[in-house]
DNA sequence: GTACCCCTACTCGGATAGCGAGTGTCCGAGTCGGAATGG
DNA sequence: CCATTCCGACTCGGACACTCGCTATCCGAGTAGGGGTAC
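Chains as they are written, first to last, in this note's numbering: chain A, 1 to 166; chain B, 1001 to 1166.
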């Protein structure tokens, strides 16, 4: 009774892209530091970072002073990009064509176009994707900064960042 | 890499509500017949029908000539109603408030309002729900009838229905 | 003949196993930086 | 003092267990209808 759950890795990924978005350009953060920032399991987070890397959202540098950084400007990365990178791009609704089964099955020839049920669900999903595509990581950063970053917390963050970037 | 899957029980439920929508008013179909109509596993389908019953979408009658029937006009039953009945009404995105954890945690006092990430995902989900709420079972029936019901199939269906209803 | 009662058959309802996808973890592949060394 | 080489430590990347929730099933609870029986 509680399906349709978005993987929590999506939440992690968006938060971390937000963090990477405020790292000075040219610098990166290793996976361990990113995990530390929100007290996330480092090994598992690494898996999700790989997915982001494969999707071209972040770039990975190896070596002693390596780490992850955004692959493109934060304004060009949308919540939809991140979601698809983590969850995959398959639609949530998958028609199994049960209308072609049973005593009153529709003839395959009559099923050239999608059944109205499938169409409705895919349309709804398009609306969902459109909404997510309209928000960028830069938007998230701006809003978060203005909403819940007082002077004190901003300094705490800067201090941590200075100790984390190489 | 393939999350966010809608339970296929939703697809079944919508199709079956469509079938129940064209049953003459005052008559019902037992779960076994409904399962037979699309060659679905009867026992498992029964579980979903229970969920529809609890949600007030269909009413269940016991006894020798009992069965399920729509609890309200097909125009008043939306795809969203059915989806929520099967999947539950919890939102797909669930914020775990990781912003309140780690070396730069936000103070609980600063988290009165939802973080912008959660807000964005819930807004997207609202768009999704709105799209599903705009389609009724009656709409599905109308479209399906006009798209893929030629005279021959319509007769086949009527014959099955006459043998199925009590 | 009729009214009542019981019984059977059929229905829904909730409690019970099985399996697959996300969740979590680990160790190996790859790379950069620096230290040691020889010129 | 400087260039070169080698070594080491740190990083990402993919392969391996575990847990929870959807999938699937069964048997018990409940009801309506019909047949039998007594009046």
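Quick reminder that beta carbons are idealized off the backbone N, C-alpha and C, glycines included.
Please read these numbers as outputs of a predicted model, since none were measured by experiment.
Three Cβ pairs or more, each shorter than 8 Å: is that satisfied between the segment 1125-1141 of chain B and the segment 1156-1164 of chain B? no
Looking only at DSSP bridge pairs, what is residue 1060 (chain B) linked to? B:1068
Is the shortest distance between the beta-carbon of residue 1057 (chain B) and the beta-carbons of chain A less than 9 Å? no
Provide the residue span of the alpha helix (DSSP H) that contains residue 1117 (chain B), from first to last. 1116-1133
Given a cut-off of 9 Å, decide if residue 6 (chain A) and residue 52 (chain A) are closer than it, judged by their beta-carbon atoms. no
Could you give the residue range of the alpha helix (DSSP H) that holds residue 53 (chain A)? 42-54
Would you check if there are 3 or more beta carbon pairs closer than 8 Å linking the segment 1068-1086 of chain B to the segment 1106-1117 of chain B? no
Rounded straight-line distance, which links the Cα of residue 1128 (chain B) to that of residue 126 (chain A): 8 Å
Could you work out which residues of chain A lie near residue 1081 (chain B), taking near to mean beta carbons separated by less than 9 Å? By Cβ distance, chain A contributes nothing, its closest Cβ being about 13 Å from residue 1081 (chain B), past 9 Å.
Using three-state DSSP, classify residue 1075 (chain B) as helix, strand or coil. helix
Under 9 Å (Cβ pairs) to chain B, residues found in the segment 116-127 of chain A: 116, 117, 118, 119, 120, 121, 123, 124, 125, 126, 127
Within-9 Å CB hit, residue 1113 (chain B) to chain A: yes
Any beta carbon of chain A sitting closer than 9 Å to that of residue 1028 (chain B)? no
CB contact below 9 Å: residue 69 (chain A) versus chain B: no
Going by CA-CA distance only, name the one from B:1089, B:1098, B:1088 that's closest to residue 36 (chain A). B:1098
Step through the CB atoms of chain A and report whether any lies within less than 9 Å of the CB of residue 1151 (chain B). no
Boundaries (first-last residue) of the alpha helix (DSSP H) holding residue 1147 (chain B): 1137-1148
Could you give the distance in angstroms between the alpha-carbon of residue 1041 (chain B) and the alpha-carbon of residue 1144 (chain B)? 24 Å
Spatial distance of residue 30 (chain A) from residue 16 (chain A) (CA atoms): 11 Å
Taking buried to mean at least 16 other C-beta atoms within 10 Å of its own C-beta, is residue 68 (chain A) buried or exposed? buried
If we count the other Cβ atoms within 10 Å of its Cβ and call it buried at 16 or more, is residue 1075 (chain B) buried or exposed? exposed
May I ask which residues mark the beginning and end of the alpha helix (DSSP H) holding residue 1037 (chain B)? 1031-1038
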